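A short worksheet on the structure shown next.
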Amino acid sequence: EIDLVKILNDAIDGFKYLIKNQKQRIDFQYFKDKIMIPSEEKSLQKIVANIISNAVNYGKNKGKISIKIEMAGASKILFSVSDNGIGIPDEEKKNIFKKFFRASNAKSHYQKGTGLGLFIVKELTKKIGGKIWFESKEGAGTTFYVELPI
3 EIDLVKILND AIDGFKYLIK NQKQRIDFQY FKDKIMIPSE EKSLQKIVAN
53 IISNAVNYGK NKGKISIKIE MAGASKILFS VSDNGIGIPD EEKKNIFKKF
103 FRASNAKSHY QKGTGLGLFI VKELTKKIGG KIWFESKEGA GTTFYVELPI
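Quick note, the sequence shown lines up with residues 3 to 152 if you use the working numbering.
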């Protein structure tokens with residue numbers, strides 16, 4: 003079992019320089035100090051790092067990134083990562099988890115990226131018995147949700 007709170011804190015620490023450089027604020031809310039997930043550590047690290055990386059890279063300078071962990075029924079946990087950045091255009095949302103896809107506004111906002119991150123995240127999430135989805139409004143930001151068994 004892996005501690006989700008620790009994995010998220012480690013990922014935030016890993017992006018501290020970039021977060022500070024972009025003057026972003028992190029708001030991390032969780033209901034207890036240890037939340038154990040029956041998962042492979044590397045898979046959970048990749049999922050968390052990719053979603054936080056996207057929030058940092060596509061969020062606003064001086065923006066806020068909110069990370070929240072909550073219960074989703076008796077045997078599931080839900081964590082979400084929200085930014086108030088560029089968002090995803092409506093007509094491109096259906097492709098966001100496809101291999102090599104990058105939204106048009108993402109390409110112009112942040113040059114790096116292969117379009118593999120969210121594809122891999124979706125596959126890893128399925129592999130560990132979870133699911134992932136998002137809500138987004140172009141110009142207003144995106145929230146990714148990951149539901150995992152506990």
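The beta carbon of each residue, even a glycine, is placed where N, CA and C say it ideally should be. Here the structure is a predicted model, which means the values were calculated and not measured.
Buried or exposed by the 16-neighbour rule on C-beta atoms within 10 Å, applied to residue 17: buried
Sufficient close CB pairs (3 or more, under 8 Å) joining the segment 84-96 to the segment 56-63: yes
Inter-residue spacing [alpha-carbon to alpha-carbon] between residue 11 and residue 138: 24 Å
Rounded Cβ spacing between residue 136 and residue 117 (contact assumed at less than 8 Å): With 8 Å as the limit, residue 136 and residue 117 do not qualify as a contact, their Cβ atoms being about 15 Å apart.
For residue 80, three-class secondary structure by DSSP: strand
Residue 69 vs residue 43 beta-carbon contact at 8 Å: no
Contained beta strand (DSSP E) runs [length at least 3] in the segment 10-36, N- to C-terminal order: 27-31
Residue 74 versus residue 100: straight-line alpha-carbon distance, rounded: 26 Å
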